[in-house]
């Protein structure tokens with residue numbers, strides 16, 4: 216019963232110039248996707264500190280999506296390259312920390328790819344649904360009652 | 011903190027799928043929220059007045075508007091906040107339309123999500139701080155790099171508007187490639203006749219400082235405040251004394267040692283030379299690599315004939331510093347030289363066409379010189395090898411362009427037009443001659459352009475053959491051109507007297523170096539990238555730097571001139587005010603904890619991180635730390651993410667603000 220009703224929480228860190236605008240386009244085009252995803256807007260994927268991701272998992276996210284401009288399209292020229300390099304290393308660290316790295320998703324979605332944004336979000340949600348709830352921090356959070 | 015939450019229904023756009031009264035009600039219960047309300051159109055005048063009135067009435071010090079995307083109305087609501095006395099950066103937008111009502115269908119789920127989005131925005135705004143836009147002074151002078159038609163146009167426009175302008179040209183004269191052209195398409199105007207008056211205008215303009223034979227060495231600073239170092243190469247002639255009489259050029263005994271670059275190596279020039287008769291400034295340059303004096307210390311013929319004692323053998327390169335507010339880059343193009351492979355390039359070239367091996371296989375600019383009245387043949391069409399009139403001439407288009415395997419994948423844009431012009435000029439001068447053009451497509455988009463090509467075909471009977479040439483070889487003084495006629499579907503062989511290759515336009519060889527000096531991005535071919543391909547075609551991603559002409563992509567003259575005027579007007583927009591206002595969302599260093607590792611400096615794409623020395627009262631150096639030049643910082647925050655001690659914060663998107671958002675997810 217509980218399992219059936221599971222609706223994952225997805226935190227999406229998106230850059231202001233490409234993916235946020237792409238998500239706007241998805242809205243303007245009236246495309247549909249599930250409500251599970253909530254977006255946090257940052258200027259550039261280069262701004263995203265790996266700690267943000269861990270924090271999101273800690274605060275109850277079941278999956279995290281990171282999306283920015285395609286390589287070479289970065290509004291700030293190189294921000295997404297720095298981000299990409301960072302994620303390659305960070306992904307491996309995640310498992311070490313005890314967070315299943317397959318819950319972390321990356322994609323490039325440009326401002327003109329409203330459809331792609333919907334596809335990516337839907338895919339991430341479905342995948343996390345299959346994986347089930349992320350319980351690693353549940354107990355700690357309850358004990359210390361940090362959250363809400 | 012007293013926060014006001016304003017939920018917009020956007021008519022039915024949000025209201026249909028999001029229960030706005032419920033969102034406003036829920037928001038009213040969030041900690042810190044003092045007032046919440048919903049309204050049909052928050053962006054309308056009554057809606058904005060509602061915000062302003064409630065800020066005053068309820069004594070609010072921050073607001074959250076649940077409405078459309080911040081890309082739509084963030085500015086509107088920030089201004090409303092400002093009007094009511096709340097700092098505009100204490101206004102946050104929750105995107106309830108594009109990211110919620112328009113993309114979801116279930117009203118219960120959508121309302122729930124809308125409440126979450128408002129909560130995230132409320133938590134963020136709690137961490138926001140009042141900010142004031144950064145004001146930077148503007149130096150109302152401009153630097154134009156490149157003295158071709160684009161640079162000339164940009165410099166004249168800026169100067170005619172009343173602002174000073176420094177025009178830097180690396181060659182001894184301004185004029186660029188346009189001064190080499192014989193006639194221009196589609197009107198067959200004489201190129202020099204329309205260009206030289208402009209060149210003279212530049213020279214005589216009181217607001218233009220012309221630096222020829224000079225190159226930009228270094229660029230520091232940021233929009234409104236650039237500091238540029240220019241190397242003025244030694245001409246070995248004292249410019250203040252020279253009258254341009256030309257006696258030294260006439261008497262110089264070195265006649266055959268150096269090729270004339272202006273004549274595209276079709277003629278020779280002396281060691282002391284003026285590139286072409288109408289050169290501006292009309293002051294010669296001594297080529298130290300061939301001048302006898304610099305080899306043996308003897309000769310000095312020029313010194314003997316110069317009545318003004320203007321020859322200055324010991325002259326050194328001079329470094330000039332100029333302070334400018336904007337930079338117009340108009341460095342133009344080069345023709346792809348196909349005989350030799352560019353160094354470190356994967357481009358294979360066209361050895362089978364024999365360019366460089368056969369004297370009578372020439373490129374487009376060489377044909378321009380042959381057709382030009384001021385050229386080495388005085389405008390008579392004579393082939394370089396034996397000075398005979400070619401009776402059969404073959405033009406080959408797309409040599410290097412649109413050819414990924416041997417050249418570049420882009421279209422050089424002007425070759426279709428100038429080849430039609432060349433064929434026409436040839437037919438006008440050699441009435442009994444035959445002209446063939448090998449082409450892939452005819453791309454003649456432009457006013458009067460297609461008509462021009464039709465005229466070449468129909469009135470001047472130029473024979474157009476659709477197909478590529480596989481090989482050119484010499485046989486009995488003729489050049490056998492073997493190709494394919496893809497319309498007739500058979501191979502074709504032409505015994506030509508002269509072959510003209512329309513080689514690709516490529517970026518200047520030092521384009522990448524200049525891009526790195528200024529901080530511009532460039533594509534894989536070395537052409538400079540515009541800030542936005544559709545809406546910001548003359549700006550680059552570095553603020554205050556503008557592009558003009560073929561340095562951005564292959565272009566013809568009218569396009570280059572239009573772009574130059576656009577770049578000039580962009581500079582003038584900048585000069586319209588004494589101060590620039592910039593978004594204050596830039597990085598800032600916490601000086602007390604910065605350890606000076608300078609990781610931030612390594613990742614900054616804008617050279618905005620500088621080193622700052624911290625000294626004690628006695629003046630002893632305590633430590634060196636990072637300092638953000640807020641004029642240069644564009645606020646993308648990679649420095650914040652990489653800082654190991656979290657000493658750099660991106661104002662507006664600092665760690666605390668983002669953690670607040672994550673906590674509210």
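Residue numbers (the working numbering), protein chains in the order written: chain A, 216 to 363; chain B, 11 to 675.
Quick reminder that beta carbons are idealized off the backbone N, C-alpha and C, glycines included.
- So which residues on chain B does residue 292 (chain A) lean against when the C-beta distance must stay under 7 Å? 531, 551, 615
- Proximity to residue 310 (chain B) [Cα-Cα], best of B:146, B:240, B:281, B:288: B:281
- Task: Check whether the Cβ of residue 646 (chain B) lies closer than 9 Å to any Cβ atom in chain A.
- Result: yes
- Message: Let me confirm a value: residue 327 (chain A) is counted as buried when at least 16 other C-beta atoms fall within 10 Å, else exposed. Which label applies?
- Response: exposed
- Query: From residue 523 (chain B) to residue 291 (chain A), what does the alpha carbon distance come to, in whole angstroms?
  - Reply: 20 Å
- Query: Given that residue 670 (chain B) touches chain A, what residues does it touch there, using C-beta distances under 8 Å?
  - Reply: Those within 8 Å of residue 670 (chain B) in chain A number zero; the least Cβ separation is about 10 Å.
- Message: Taking 9 Å as the threshold (beta carbon to beta carbon), is residue 270 (chain A) in contact with chain D?
- Response: No chain D appears in the structure shown, which is made up of the protein chains A and B.
- Got a sec: does the ligand MG put a non-hydrogen atom nearer than 8 Å to the Cβ of residue 393 (chain B)? You won't find the ligand MG in this model; it holds no ligand whatsoever.
- Message: Using C-beta distances below 7 Å, list every residue in its chain close to residue 436 (chain B), excluding the 5 sequence neighbours before and after it, in chain order.
- Response: 391, 403, 443, 445
- Message: Within 10 Å of its beta-carbon, does residue 120 (chain B) have 16 or more other beta-carbons around it, so buried, or fewer, so exposed?
- Response: buried
- Are any of the Cβ atoms in chain A nearer than 9 Å to that of residue 352 (chain B)? A caution first: residue 352 (chain B) carries a pLDDT of 49, below 50, which makes its placement in the model too unreliable to give a value.
- Message: Taking CB distances under 9 Å as the criterion, tell me whether residue 224 (chain A) reaches chain B.
- Response: yes
- Inter-residue spacing [alpha-carbon to alpha-carbon] between residue 212 (chain B) and residue 545 (chain B): 30 Å
- Query: Which whole-angstrom value describes the C-beta separation of residue 226 (chain A) and residue 298 (chain A), a residue pair presumed to lie in contact below a C-beta threshold of 8 Å?
  - Reply: Their Cβ separation, rounded to whole angstroms, is 16 Å, which puts residue 226 (chain A) and residue 298 (chain A) out of contact at 8 Å.
- Determine, using beta carbons only, whether residue 333 (chain B) and residue 151 (chain B) come nearer to each other than 9 Å. yes
- Give the residues from the region 95 to 115 of chain B that approach chain A closer than 9 Å (Cβ to any Cβ), ordered along the chain. 105, 107, 108, 109, 110, 111, 112, 113, 114, 115
- Item | When B:417, B:18, B:600 are compared against residue 30 (chain B), the one with the closest alpha-carbon | B:18
- Message: Please state whether the Cβ-Cβ distance between residue 65 (chain B) and residue 591 (chain B) is less than 9 Å.
- Response: no
- Task: Return the residue from the list B:118, B:123, B:97, B:100 that minimises the CA-CA distance to residue 108 (chain B).
- Result: B:123
- Query: Which residues in the same chain as residue 267 (chain B) place their Cβ atom closer than 8 Å to its Cβ, once the five residues preceding and following it in sequence are excluded?
  - Reply: 278, 281, 300
- Query: Exposed or buried, residue 432 (chain B), counting other C-beta atoms within 10 Å across all chains shown (16 or more means buried)?
  - Reply: buried
- Message: If the criterion is Cβ atoms closer than 9 Å, does the pair residue 503 (chain B) and residue 516 (chain B) meet it?
- Response: no
- Check the Cβ-Cβ distances between residue 246 (chain A) and every residue of chain B, and say whether any is below 9 Å. yes
- Taking DSSP as the reference, what is the three-state secondary structure of residue 263 (chain A)? coil
- residue 234 (chain A) at chain B interface by Cβ criterion, 9 Å: no
- Message: Do residue 574 (chain B) and residue 233 (chain B) have their beta-carbon atoms positioned less than 9 Å apart in this structure?
- Response: no
- Per DSSP, residue 542 (chain B) forms a beta bridge with which residues? B:546
- Query: Which of the three DSSP states, helix, strand or coil, is assigned to residue 495 (chain B)?
  - Reply: strand
- Query: Can you tell me the Cα-Cα spacing of residue 57 (chain B) and residue 242 (chain A), whole angstroms?
  - Reply: 23 Å
- Message: Once the 5 residues before and after residue 460 (chain B) are set aside, which same chain residues still bring their CB inside 6 Å of it?
- Response: 454
- Task: Under 8 Å between beta-carbons, which chain A residues line up against residue 130 (chain B)? List them in chain order, please.
- Result: 253, 255
- Between residue 344 (chain B) and the rest of its own chain, which residues show a CB-CB distance below 6 Å, the 5 nearest in sequence each way excluded? 516, 518
- Message: Measuring straight from C-alpha to C-alpha, what distance separates residue 671 (chain B) and residue 613 (chain B)?
- Response: 25 Å
- Query: Ordered along the chain, which non-local residues of its own chain (more than five positions away) have a Cβ less than 7 Å from that of residue 344 (chain A)?
  - Reply: 221, 223
- Message: Any beta carbon from chain A within less than 9 Å of residue 83 (chain B)'s own beta carbon?
- Response: no
- residue 663 (chain B) versus chain A: which residues are under 8 Å apart at the beta carbon? 257, 258, 262
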